[in-house]
Amino acid sequence: MKKGILILSAFFVMLSVSASNPKDKFKPDYIKNQMIKTARWQLNNPWHELCDWTNGAFYPGLFAAWETTKENFIYDAMMYMGKISQWRPCDTGPMDRANDVAIGQTFIDLYRIEKNQEMITPLTDTLKAFMSRTYN
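In the working numbering, the protein residues as written are 1 to 136.
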């Protein structure tokens, strides 16, 4: 009985997958719509605090989604993140971890568009201080 239900379930899954055209999933509009839907969901359901290392990976990906889709809500979300962080890298301990400055990639990407020095000065100051340190 269980085997029959499993086979029947697998059949319905295969039927539903074959019912839609898999080639549609490679069309630019489909991909852009999925990027927009994913970005909207992630921005509305944050999992981590801003200074968590995961945002150092998330926001550059979000920037790439914006470059592809040009959706205003994505750009606005990145600008808002920069403003609430005051364009500063995180400070979660000794400044010798890439986790704390990874968010700066998004600051740089936005600076290249906005040309507002305020957007990268805290990052460049942090990196200069880091590079001037001596380690034993």
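Here a beta-carbon is modelled for each residue, glycine too, at the ideal position from N, C-alpha and C.
By the beta-carbon neighbour count (other beta carbons within 10 angstroms, threshold 16), PHE73 is exposed. Residue environment analysis places ILE103 among the buried positions, since at least 16 neighbouring C-beta atoms fall within 10 angstroms of its C-beta. If you check the CB distance, GLY82 and PHE107 come in under 7 Å.
Under the three-state reduction of DSSP output, SER85 falls in the coil class, being neither helix nor strand. Judged by beta-carbon spacing, ARG88 lies beyond the 7 Å limit of PRO46, meaning their Cβ atoms are not closer than that value. In the DSSP annotation of this structure, the continuous segment of the alpha helix (DSSP H) that includes ILE113 starts and ends at 104-114. Ranked by Cα distance from GLN42, the options GLY61, GLU114, PHE26, MET119 are led by GLY61. If you draw a straight line from the Cα of THR69 to the Cα of ASP91, it comes to about 32 Å.
One alpha carbon belongs to ASP76, the other to ILE84, and they sit about 12 Å apart. One alpha carbon belongs to LEU50, the other to ASN99, and they sit about 11 Å apart. Burial is judged here by how many other beta carbons sit within 10 angstroms of a residue's own beta carbon; PHE26 has fewer than 16 and is exposed.
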